[in-house]
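**Student:** This is the structure I want to talk about, given as structure tokens.
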């Protein structure tokens with residue numbers, strides 16, 4: 014049975030005093046959304062190069078409208094980066110799978126392939142959908 018969540022949200026403040034409150038300091042310090050930042054590899058943040066930001070509000074509005082129409086929230090560069098990571102993890106999974114079989118590792122231990130394979134699928138799906 015999952016623990017009951019007691020998170021609340023109002024327009025001014027999000028409060029999480031439930032079982033996942035230990036995550037709040039990490040999210041507050043490392044995952045701050047805001048102007049001038051972009052997400053890299055799905056979890057890291059990097060400053061945006063000011064030269065890449067369109068100068069006019071009209072151009073920025075067009076980009077936001079296009080992203081809303083396409084239902085995407087990551088740019089092409091990040092999508093390509095995630096696809097490369099996913100492909101690399103797929104190769105790692107294949108090598109790991111062959112190695113585990115070749116070394117006659119017990120069947121239950123072969124489940125170690127799950128994690129790189131799951132991350133590979135997540136990164137590739139993110140690259141394909143733009144989310």
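Residue numbers (the numbering used here): 14 to 144. The C-beta atom is built at its ideal place from N, Cα and C for all residues, glycine as well.
(1) Provide the residue(s) that pair with residue 50 in DSSP beta bridges, ordered along the chain.
(2) How many Å lie between residue 99 and residue 54 at the Cα?
(3) Within 10 Å of its beta-carbon, does residue 106 have 16 or more other beta-carbons around it, so buried, or fewer, so exposed?
(4) Less than 8 Å separating the beta-carbons of residue 140 and residue 96?
(5) Could you check the C-alpha separation between residue 79 and residue 111 for me, to the nearest Å?
(6) For residue 51 and residue 39, which I take to be in contact (beta-carbon distance under 8 Å), what is that distance rounded to the nearest angstrom?
**Tutor:** According to the data block:
(1) As a working mapping, residue 50 is identified with position 37 in the chain shown. DSSP output for residue 50 lists 60 as bridge partner(s).
(2) Residue mapping note: residue 99 aligns to position 86 of the chain shown, counting from 1. Residue mapping note: residue 54 aligns to position 41 of the chain shown, counting from 1. Whole-angstrom Cα-Cα distance: 10 Å.
(3) For the purposes of this step, residue 106 is identified with residue 93 of the chain shown, where counting begins at 1. Under this definition residue 106 is a buried residue.
(4) Walking along the chain shown from the start, residue 140 turns up at place 127. Walking along the chain shown from the start, residue 96 turns up at place 83. The answer is yes: Cβ separation under 8 Å.
(5) For this step, residue 79 is matched to residue 66 along the chain shown. For this step, residue 111 is matched to residue 98 along the chain shown. Computed Cα separation, rounded: 43 Å.
(6) On the chain shown, residue 51 is found 38 positions in, with the first residue counted as 1. On the chain shown, residue 39 is found 26 positions in, with the first residue counted as 1. Not a contact, Cβ separation roughly 19 Å.
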